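> Take this structure first; my questions come after.
Residue numbers (the working numbering): 500 to 1043.
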């Protein structure tokens, strides 16, 4: 995680939490140390043994931990967990469409390469699906057997014993509404009592809200109250619940935007937050976030002002050029998210400003040293000793020169130069600085796809496309998401498809331009190494 900022981590730890909708019915939330989020029921593999005396079975937890979200099981190492939020599961609305399926001599489906054709789901919740596999084009009839607000289970009804899961969001709200309204339980027949039919319509409203389709949920609710005005009071209460869910999701999206480093956009959205959705705990959280963002901006502007003054004062008093250059660079690379690394510097510089005295060269250099050491190693390691500050800054400079060197000769030159200046340099300290260092990168237009080509090395000529998230800052790190286009799909169009989520969560997108087309992900050994070189190039020249 290296230079991950504490402010961002505090925000992320509040999220309810991010990669799925806030109104999801899945219970537990696991946030890994790299920021990846798992949601579902946390379980652990176990073995059952029998007590030799009582003969009673005893379940002993043993083996891997997993998250079961109903559609899949994701195994994870507990040592990689940052936080675990245990919750009681909420009753999820679902629709069951049972069908007896018998496939004599059924076998597993052949491996999937690419989709060829998929007909629309009909009123019986069935379709024909064709895909390309190593054995040719495979066709199969499919039936939706379970439709929940989170996932859809699809079973093959011919040839193969094959079940698959889709996120309900993938199907789209209009198709899901059409399927539910064609369900036998939703038909308004003479046998169905009016109260039962109203209950089923409320179930549809709840289902859509749980799926995060609030506009569709409200539309169905308005239609319901128009057709059944006697249920207006229940409809009003349901609308209040929907407003609360909308407010929660809107707030969670803002938190994700903050986690992506888009603090200005977050302030804008907090200021325009609809009051109908800002009630109770949500309103309290809004005010808390606004306060934190306001403080971060205030500290950032103060740091810029004090660093500018410090640079001028050091230059005027003929201070060490290394300290002056370091302070000048700090002015350019500090961010609001990382401003807490300069807490010690801001505290002492504020005291000097308040007492109204003119600082001596010694005092100025001590103040500069607090800023430099705090930035390089973190606020807890801030040190007013100029010798230590210069050593840390030169170590940081050496690390950047060494990593960015194109060949072994340049790396040796950088290493020799550093050791000549600091022959007693300790590997432990170099390692600590390395973990905290962000490589300086060239600013790119955020929100736009651009193409790059490797200009040197064995993979010279290899091409890849990248896209930085909206409002990207080259002085912070972003996760890298590598996308693989489907058959007959261009890399750039795939990046654009992922762009909205990348902006919201703060991902840099990368897609490699494979030279071998066709079906599947066939590639040569040369391209295998080219991809590794592309990743190295992205790491060196992008804030990933």
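Note that the Cβ used here is the ideal one computed from N, Cα and C, for glycine as well.
Small disclaimer: the values here were computed from a predicted structure and weren't measured.
Work out the CA separation of residue 940 and residue 964 for me, nearest whole Å.
In a straight line, the C-alpha of residue 964 is about 17 angstroms away from that of residue 940.
> With residue 822 and residue 833 assumed to form a contact (beta carbons below 8 angstroms), what rounded beta-carbon distance in angstroms separates them?
In fact, because the Cβ distance is near 16 angstroms, the residues do not count as touching under 8 angstroms.
> From which residue to which residue does the alpha helix (DSSP H) around residue 1035 run?
Note, residue 1035: alpha helix (DSSP H), 1024-1040.
> Let me check one thing: in DSSP terms, what residues is residue 742 bridge-paired to?
Looking at the DSSP assignment, residue 742 forms no beta bridge with any residue, so it has no partner.
> Scan the stretch 705-778 and note each continuous beta strand (DSSP E) run of 3 residues or more that stays entirely inside, going in chain order.
None, since the stretch 705-778 contains no complete beta strand (DSSP E) of that length.
> With DSSP collapsed to three states, give me the class of residue 520.
Only weak support exists for where residue 520 lies, its pLDDT of 35 falling under 50; the value from the coordinates is given anyway. Residue 520 falls in the coil class under three-state DSSP.
> Tell me which same chain residues have a C-beta within less than 6 angstroms of the C-beta of residue 946, skipping the five on either side of it?
Only 969 meet the Cβ criterion.
> Would you tell me roughly how many angstroms separate the C-alpha atoms of residue 765 and residue 791, rounded to the nearest one?
Cα to Cα, the separation comes out at about 11 angstroms.
> Which complete beta strand (DSSP E) runs does the stretch 577-620 hold, if anything under 3 residues is left out?
Listed in chain order, they are 580-584, 593-595 and 613-617.
> Does DSSP put residue 510 in a helix, a strand or coil?
A caution first: residue 510 carries a pLDDT of 33, below 50, which makes its placement in the model unreliable, though a value can still be read off. Note: residue 510 maps to helix in three-state DSSP.
> Can you name, in chain order, every residue of its own chain whose Cβ lies under 8 angstroms from the Cβ of residue 575, other than the five neighbours on each side?
These residues qualify, in order along the chain: 529, 531, 537, 563, 564, 565 and 566.
> So the candidates are 988, 956 and 1003; which of them puts its Cα closest to the Cα of residue 977?
When each option's Cα is compared against that of residue 977, the closest is 1003.
> Going by the DSSP bridge assignment, what does residue 645 pair with across the sheet?
Answer by DSSP bridge pairing, in chain order: 595 and 652.
> Hey, would you say residue 641 sits closer than 7 angstroms to residue 626, going by beta carbons?
Contact flag set, yes.
> Tell me, which residues are paired with residue 665 by DSSP?
Beta-bridge pairing links residue 665 to 651.
> Relative to the C-alpha of residue 493, which residue among 699, 988, 677 and 894 is closest?
This structure cannot settle anything about residue 493, because the visible part of the chain is limited to 500 through 1043.
> Since residue 696 and residue 571 are thought to touch, with beta carbons under 8 angstroms apart, how far apart are those beta carbons, to the nearest angstrom?
About 35 angstroms; that fails the 8 angstroms criterion.
> Return the CA-CA distance between residue 498 and residue 662, expressed in angstroms with no decimal places.
Lying outside 500 to 1043, the shown extent of the chain, residue 498 is not represented and no answer is given.
> Can you tell me where the beta strand (DSSP E) holding residue 627 begins and where it ends?
From DSSP, the beta strand (DSSP E) with residue 627 extends over 625-632.
> Does DSSP classify residue 857 as helix, strand or coil?
It is coil, neither helix nor strand.
> Taking the continuous beta strand (DSSP E) assigned at residue 1010, which residues delimit it?
Per DSSP, residue 1010 belongs to the beta strand (DSSP E) from 1007-1011.
> Specify the secondary structure class of residue 827 as computed by DSSP and reduced to three states.
Three-state DSSP puts residue 827 in a helix.
> Checking 7 angstroms against the spacing of the C-beta atoms, do residue 1007 and residue 967 come in under that value?
The answer is yes: Cβ separation under 7 angstroms.
> For residue 738, collect the residues of the same chain with a Cβ closer than 8 angstroms to its Cβ; drop the 5 residues on either side in sequence, then sort them by chain order.
If we look at residue 738 and ignore the five residues flanking it on each side, its Cβ neighbours are 717 and 720.
> Return the first residue and the last residue of the beta strand (DSSP E) that residue 556 is part of.
556-567 is the extent of the beta strand (DSSP E) around residue 556.
> Is DSSP giving residue 799 helix, strand or coil here?
Three-state result, residue 799: helix.
> Given this structure, state the Cα-to-Cα distance separating residue 944 from residue 973, to the nearest angstrom.
Near 10 angstroms, if we compare the C-alpha coordinates of residue 973 and residue 944.
> Hey, how far is the Cα of residue 757 from the Cα of residue 883?
Cα-Cα distance, rounded: 32 angstroms.
> Alpha carbons only, please: which of 1024, 993, 980 and 987 is nearest the one belonging to residue 1005?
Nearest of 1024, 993, 980 and 987 to residue 1005, Cα basis: 980.
> With DSSP as the reference, identify every bridge partner of residue 659, one or two as the case may be.
For residue 659, which the question treats as bridged, DSSP gives the partners 606.
> Could you tell me the distance, in whole angstroms, from the CA atom of residue 733 to the CA atom of residue 701?
If I take the Cα positions, the gap works out to 9 angstroms.
> Name, in chain order, the residues that DSSP records as bridge partners for residue 530.
Note: residue 530 sits in a beta bridge opposite 536 and 582.
> In the DSSP assignment, find the alpha helix (DSSP H) that holds residue 1004 and state where it starts and stops.
Run containing residue 1004: 990-1004, per the alpha helix (DSSP H) assignment.
> How would you label residue 607, buried or exposed, when you count the other beta carbons within 10 angstroms and need 16 or more for buried?
It is exposed - the Cβ of residue 607 has fewer than 16 other Cβ atoms within 10 Å.
> Sorted by chain position, which residues of the same chain lie with C-beta nearer than 6 angstroms to residue 523's C-beta, five sequence neighbours on each side aside?
Unreliable placement is indicated for residue 523, whose pLDDT of 45 sits below 50; the coordinate value is still reported in the next sentence. Here the set comprises nothing.
> Between which two residues does the alpha helix (DSSP H) holding residue 679 run?
Looking at the DSSP string, the run of the alpha helix (DSSP H) that includes residue 679 is 672-680.
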